[in-house]
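Remarks on the structure that follows.
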Amino acid sequence: MARVAVAMSGGVDSAVAAALLVRDAHEVVGFTMNLWPSWVPQTEGGAGCCGIGAIDDARAAARALGVPHYVLNFRDAFEREVIGYFAGEYAHGRTPNPCIACNRAIKFRLLLERVLALGIDELATGHYARVELGPDGRYRLRRAVDVRKDQSYVLAGLTQAQLARVRFPVGAYTKPEVREIARQHGLSVANKPDSQEICFVPRGDYSEVVARLEPAAVRPGPIYDLTGRQIGEHRGVAHYTVGQRRGLGLSGADPRYVVTIDASGNALVVGDEMSLGCVELQAVEVNWIAIPCLTGERRVTARIRHSAADVPAVIAPAADGRVRVRFPDPPRAAAPGQAVVFYEGDVVLGGGVIDGSEHVVKG
145 MARVAVAMSG GVDSAVAAAL LVRDAHEVVG FTMNLWPSWV PQTEGGAGCC GIGAIDDARA
205 AARALGVPHY VLNFRDAFER EVIGYFAGEY AHGRTPNPCI ACNRAIKFRL LLERVLALGI
265 DELATGHYAR VELGPDGRYR LRRAVDVRKD QSYVLAGLTQ AQLARVRFPV GAYTKPEVRE
325 IARQHGLSVA NKPDSQEICF VPRGDYSEVV ARLEPAAVRP GPIYDLTGRQ IGEHRGVAHY
385 TVGQRRGLGL SGADPRYVVT IDASGNALVV GDEMSLGCVE LQAVEVNWIA IPCLTGERRV
445 TARIRHSAAD VPAVIAPAAD GRVRVRFPDP PRAAAPGQAV VFYEGDVVLG GGVIDGSEHV
505 VKG
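Numbering of the sequence shown is given in this note's numbering, commencing with residue 145 and proceeding in unit increments.
So, in structure tokens, the structure goes:
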């Protein structure tokens, strides 16, 4: 049996991941990452996966399962690689995904490297997804059994080398089944609610974080309509994302939405809902999982936000490793900075980052 490290976040999913591995007679070691920002009191992080409360819950779960538990201080790396990225993206008029950044830089790079250096064979997390070795010798990332909880979208940046060393034990179970397993093992987190907020923004106002690190992103500036006429003033580009309607402070009978964020000009461009339809975009920083590379045009389904439904798309290689993505039925509000992930059935083909080039229907 393998020696497996479990990234225990203090929630029910990672605790059950550890319980399932113990059940299968693996040698399990629990690790919790201390990620809470140094400039915020630890008492404010009790509910999220970054704060001191999460460490206490993870420690209690490890004790109940009879496995050793250690805390690793990754606060500096988290501030730099996740929070710094988060604020910087908003400052550049883009919409970041901090979970993807954390998976890429912290969980599956820094933590994985650390546990492998300790002589541990694999790293398991509580993500809802599945990994399997395909007949072609490539590891494949598949959606979770519980499609409502599926997290394959935020894992599409994983490489073959990483997938060879990771496990997602709860990906084969539904959320109710996971909670029942937790109760059977006497885990105190069995009924702990899922976190619904960004872990380092416990009060829900991410602009406070951006203002601290990128104050220029919260300077007021003009709002233009699609003809270039100024029709209002915004509170700072960090307060907005493509597709947003609330908070614009515009009068008029017809609703208007953010269509473009011009960070260099500190301006917003707004339009009607039709203008949000995306007929084409380009993806950069593309990572392929199920295939070595994209050699020609391919029909897939694509997801442009974690909460969005998949939509049919046609992808094709473009210059400099980019991927051209065309949508027969344009999805709403493809925000630069967000991930676009390509699927064939329940298998993740690959994914990248939506670029800021203009491919929006201006109606």
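Quick reminder that beta carbons are idealized off the backbone N, C-alpha and C, glycines included.
At 3 residues or longer, what runs of the beta strand (DSSP E) sit wholly inside the region 361-415? Qualifying beta strand (DSSP E) stretches, in chain order: 365-368, 374-378, 401-406, 411-415.
Could you compute how far the alpha carbon of V505 sits from the alpha carbon of I405? Its pLDDT being 44, under 50, V505 is placed unreliably in this model, and the coordinates cannot settle the point.
Member of L277, R363, L357, A446 whose CA lies at the smallest distance from the CA of L412: For the residues L277, R363, L357, A446, the minimum Cα distance to L412 belongs to R363.
Which word fits E358, buried or exposed, when buried means at least 16 other C-beta atoms lie within 10 angstroms of its C-beta? With 16 or more Cβ atoms within 10 Å of its Cβ, E358 is classed as buried.
Thinking C-beta only, is V160 closer than 8 Å to V322? Contact flag set, yes.
Give the secondary structure of G507 by DSSP, where H, G and I count as helix, E and B as strand, and everything else as coil. Reliability of the predicted coordinates at G507 is poor, the pLDDT of 43 falling under 50, and no value is obtained from them.
Three-way DSSP call (helix, strand, coil) for E276 in this model: E276 carries a strand assignment under DSSP once its states are collapsed to helix, strand and coil.
Could you pull the DSSP bridge partners for N178 from this structure? According to DSSP, which records beta bridges pairwise, N178 is partnered with N217.
Using only alpha-carbon positions, find the residue among P461, K251, A407, A453 that is nearest to V428. Nearest to V428 by alpha-carbon distance, out of P461, K251, A407, A453, is P461.
For A268, count neighbouring C-beta atoms within 10 Å of its own C-beta (all shown protein chains included) and say buried if the count is 16 or more, exposed if not. Flag for A268 reads buried.
To the nearest angstrom, how far is it from the Cα of D265 to the Cα of L256? Cα to Cα, the separation comes out at about 10 Å.
Let's test the definition: count the other Cβ atoms within 10 Å of the Cβ of P212 and tell me whether it reaches 16, buried, or not, exposed. Exposed, because fewer than 16 other Cβ atoms sit within 10 Å of the Cβ of P212.
What is the rounded straight-line gap between the Cα of Y384 and the Cα of Y297? In a straight line, the C-alpha of Y384 is about 23 Å away from that of Y297.
Option in Y283, V430, A198 with minimal Cα separation from A305: The option with the nearest alpha carbon to A305 is Y283.
Measure how close the beta-carbons of S182 and E223 come, nearest whole angstrom, since I'm counting them as under 8 Å. Yes, they are in contact, since the Cβ atoms of S182 and E223 sit about 7 Å apart, within 8 Å.
Thinking L299 and N241 are a contact (beta carbons under 8 Å), I'd like their distance in whole angstroms, please. Incorrect: roughly 12 Å between the Cβ atoms, too far for contact.
Which one of G465, R468, A326, S451 has the shortest CA to CA distance from L209? Taking only the C-alpha atoms, the option nearest L209 is A326.
Hey, out of V291, A308, R356, I250, whose CA is closest to G232's CA? For G232, the closest C-alpha among the options V291, A308, R356, I250 is that of R356.
Quick check on the DSSP output: the alpha helix (DSSP H) that includes G228 runs from which residue to which? Where G228 is concerned, the enclosing alpha helix (DSSP H) stretches over 228-235.
From what residue to what residue does the alpha helix (DSSP H) around E324 run? Looking at the DSSP string, the run of the alpha helix (DSSP H) that includes E324 is 319-328.
Using the rule of at least 16 other Cβ atoms within 10 Å of the residue's Cβ for burial, across every protein chain shown, is P320 buried or exposed? By the neighbour-count rule (16 or more Cβ atoms within 10 Å), P320 is not buried but exposed.
Name, in chain order, the residues that DSSP records as bridge partners for N431. Residue pairing of N431 in beta bridges, as defined by DSSP: G495.
Tell me whether G189 is buried or exposed, calling it buried when 16 or more other Cβ atoms sit within 10 Å of its Cβ. Because the pLDDT at G189 is just 47, under 50, the model does not fix this residue reliably, and the point stays unresolved.
Confirm, please, whether the CB-CB distance from P480 to D464 is below 8 Å. Annotated as distal: D464 and P480, with beta-carbon spacing of 8 Å or more.
Check whether the region 392-401 and the region 367-376 are in contact - that is, three or more C-beta pairs closer than 8 Å. Touching, per the Cβ criterion.
Quick one: Cα of R373 to Cα of P436, how far? R373 and P436 have their alpha carbons spaced roughly 47 Å apart.
Three-state secondary structure (DSSP) at P456? DSSP places P456 in strand when its eight states are reduced to three.
V353 and F344 - do their beta-carbons sit closer together than 8 Å? It is a contact, given that the beta carbons lie within the stated cut-off.
Considering only residues of the same chain and omitting the five flanking positions on each side of K293, which have a CB-CB separation below 7 Å? Beyond the five residues adjoining it in sequence on each side, K293 comes within less than 7 Å, by CB distance, of Y272, K319 in the same chain, given in chain order.
Can you grab the Cα-Cα spacing for the pair A434 / D398, in whole Å? Spanning the two alpha carbons is a distance of roughly 45 Å.
Suppose the cutoff is 7 Å on Cβ atoms and the five residues either side in sequence are ignored; what does the same chain contact list for A146 look like? Within the same chain, Cβ atoms closer than 7 Å to the Cβ of A146 are found at H170, D265, E266, the five residues on either side in sequence being excluded.
Mark G507 as exposed unless 16 or more other C-beta atoms lie within 10 angstroms of its C-beta, in which case mark it buried. Bear in mind that a pLDDT of 43 at G507, under 50, signals an unreliable position, so the number given afterwards is only what the model happens to contain. Classification for G507: exposed.
Provide the residue span of the beta strand (DSSP E) that contains R284, from first to last. From DSSP, the beta strand (DSSP E) with R284 extends over 283-287.
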